[in-house]
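Working notes, structure below.
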DNA sequence: TTCATTCACTTGCAAAATACAAGTTTATGA
DNA sequence: TCATAAACTTGTATTTTGCAAGTGAATGAA
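Residue numbers (my numbering), protein chains in the order written: chain W, 21 to 166; chain U, 21 to 166.
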C-alpha cells in the first residue's frame, strides 16, 4: 500500500502519470496483461525480470485501488483470482507503444522484432486496436465511440 | 550514481525503458527541459514537485551518463552549467505526450488546457515538431530526414 | 579589495522502499 | 488423506529517498 502523499497533486500531467505508475514494476504488469495475456498472480511472478512476491502483491493492490486493474475470482478455480485491465488500464497501451518505439531505437540488445516495430510506426491505430480489444473484452462491452 | 544491475537486460523494451527512466523524477527533468526551457540546476530545483537536491544531482548525472542529457559550461557564467537534451532525450517527447493525454483524461485536477489536449490529439506531429525543434536546436543541426 | 550572495553541488542521517527467503492459508486432485 | 499448488504475508538486510545543513568557487555591489 502506498502512503498518502505519493500523489504530489500539482496537476501536472507528467507528475500525475509518474505518481501513478512511475516505478520499475507497475508497467511490467500492464505489459504482461496487454501483450502476454497473463491474468494470474503466479503467471506475473514468472516474468523474466523476476518480481519479488511482496512487491508484486503491493503493486497489484495499488493498481486495483486506483482502478487500473480489476481483481475477480476465477470462476473455474476457487483458489485463484483473475486480474484484468480496466478501461483506464487499457488506455496505457499508447504509452507502452511509445516505450517500445524508444527502446527499440536505443537498446542495442532489444528483442523487438522488425515486424512489430514496423507496426508501431506505420500501423499504430490498428495495432492498438488489436492489443486493446481482445475477444473477451469485446464480449463484455461494445466499443466506446471515442 | 546507479548501481550496475539496474539494467535487467532482458531485451524487453518496456523493461529497458523502465530501467532507463522508470522513477518518479527523471521524466520531470525532461519535461522541464522540453516544455519549460529550463537548463540550469537551480531552475530544476524550483519545480513545484520539489526536487531534493541530492536526488536531482544524482538523476542529472545518470541521465548524462546514458546520453539523454548533455552538460556544458555556460559560456556567460563560469560558475554555472547548461543542461540540454540530446537527440535521445528529445525522442522521449512522444512518451511525454502520451503521459499528458492519459493524465488529462484521468486526473480530475489536471491543469492540462483544452487547447493543449486538442493539439496532442489532433495535431500531434506539428506539436511534437514545435517541442523538439526550438530555434537553438535548429541552428545546431539540420533535421534528420527520419 | 572586501565580502555578502549565488550557483552547483556534497554530506549526513532518519525514514521508507526494495530484494530475498521463508512461512501461512485455503483449495485441488490423486 | 494428503502432497501440491495458488496467492499471499512476514521478517529482515540492503538500498534508496527525503530533508537539512554544509562546501567551494565565481560574482557583483560597496
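Beta carbons are placed, not taken as given, at the ideal position from N, Cα and C, and that holds for glycine.
Ends of the beta strand (DSSP E) at residue i?
| i | result |
| --- | --- |
| residue 92 of chain U | 89-93 |
| residue 30 of chain W | Counting along the chain, residue 30 of chain W falls outside any beta strand (DSSP E), and DSSP gives it neither H nor E. |
| residue 105 of chain W | 101-105 |
Just the C-alpha distance for residue i and residue j, rounded to the nearest angstrom, thanks.
| i | j | result |
| --- | --- | --- |
| residue 51 of chain W | residue 128 of chain U | 25 Å |
| residue 156 of chain W | residue 92 of chain W | 15 Å |
| residue 32 of chain W | residue 122 of chain W | 23 Å |
| residue 34 of chain U | residue 26 of chain U | 14 Å |
| residue 143 of chain W | residue 146 of chain U | 19 Å |
| residue 90 of chain U | residue 160 of chain W | 49 Å |
| residue 74 of chain U | residue 58 of chain U | 18 Å |
| residue 158 of chain U | residue 84 of chain W | 45 Å |
| residue 36 of chain U | residue 135 of chain W | 19 Å |
| residue 71 of chain U | residue 98 of chain W | 47 Å |
| residue 154 of chain W | residue 148 of chain W | 11 Å |
Rounded to whole angstroms, how far is the Cβ of residue i from the Cβ of residue j, which I believe are closer than 8 Å?
| i | j | result |
| --- | --- | --- |
| residue 38 of chain W | residue 112 of chain U | Residue 38 of chain W to residue 112 of chain U, Cβ: 13 Å. No contact. |
| residue 108 of chain W | residue 110 of chain U | With 8 Å as the limit, residue 108 of chain W and residue 110 of chain U do not qualify as a contact, their Cβ atoms being about 29 Å apart. |
| residue 87 of chain U | residue 106 of chain U | 5 Å |
| residue 104 of chain U | residue 53 of chain U | 7 Å |
| residue 42 of chain U | residue 43 of chain W | 6 Å |
| residue 49 of chain W | residue 28 of chain W | Rounded, the Cβ-Cβ distance is 22 Å, inconsistent with contact. |
Which residue marks the beginning of the alpha helix (DSSP H) containing residue i, and which one marks its end?
| i | result |
| --- | --- |
| residue 140 of chain U | 134-142 |
| residue 158 of chain W | 155-160 |
| residue 122 of chain W | 113-126 |
| residue 73 of chain U | 73-85 |
| residue 51 of chain U | 46-55 |
| residue 42 of chain W | No alpha helix (DSSP H) contains residue 42 of chain W, which DSSP labels as neither H nor E. |
| residue 62 of chain W | 61-65 |
Relative to the C-alpha of residue i, which candidate in the options has its C-alpha closest?
| i | options | result |
| --- | --- | --- |
| residue 30 of chain U | W:63, W:124, W:88, W:80 | W:124 |
| residue 117 of chain U | U:98, U:73, U:137, U:101 | U:137 |
| residue 63 of chain U | U:100, U:87, U:42 | U:100 |
| residue 76 of chain U | U:65, U:122, U:142, U:104 | U:65 |
| residue 132 of chain U | U:143, U:120, U:25 | U:120 |
| residue 81 of chain W | W:45, W:143, W:68, W:55 | W:45 |
| residue 55 of chain W | W:160, W:152, W:102, W:145 | W:152 |
| residue 60 of chain W | W:150, W:96, W:114 | W:96 |
| residue 140 of chain U | U:79, U:72, U:114 | U:114 |
Taking 6 Å as the cut-off, is the beta-carbon of residue i closer than that to any non-hydrogen atom of the ligand ZN?
| i | result |
| --- | --- |
| residue 150 of chain U | As far as ligands go, the structure on display features none, and thus does not contain the ligand ZN. |
> Taking any Cβ of chain U, which residues in the segment 109-122 of chain W have a Cβ under 9 Å from it, in chain order?
Replying inline: 111, 112, 114, 115, 116, 117, 118, 119, 120, 121, 122
> Of the residues that make up the segment 143-159 of chain U, which ones have a beta carbon closer than 8 Å to any beta carbon in chain W?
Replying inline: none
> Mind listing which residues of the segment 121-135 of chain U have their C-beta closer than 8 Å to chain W's C-betas, in chain order?
Replying inline: 121, 122, 123, 124, 125, 126, 127, 129, 130, 131, 132
>> Output needed in chain order: residues of the segment 64-93 of chain U with a Cβ under 7 Å from some Cβ in chain W.
In response: 68, 69
>> Output needed in chain order: residues of the segment 95-106 of chain U with a Cβ under 8 Å from some Cβ in chain W.
In response: none
>> If the cut-off is 7 Å on Cβ atoms, which residues from the segment 43-67 of chain U count as contacting chain W, listed in chain order?
In response: 43, 44, 47, 48, 51
> Listed from N- to C-terminal order along the chain, which residues in the segment 22-39 of chain W have their beta-carbon within a distance smaller than 8 Å of any beta-carbon of chain U?
Replying inline: 28, 29, 30, 31, 32, 33, 34, 35, 36, 37, 38, 39
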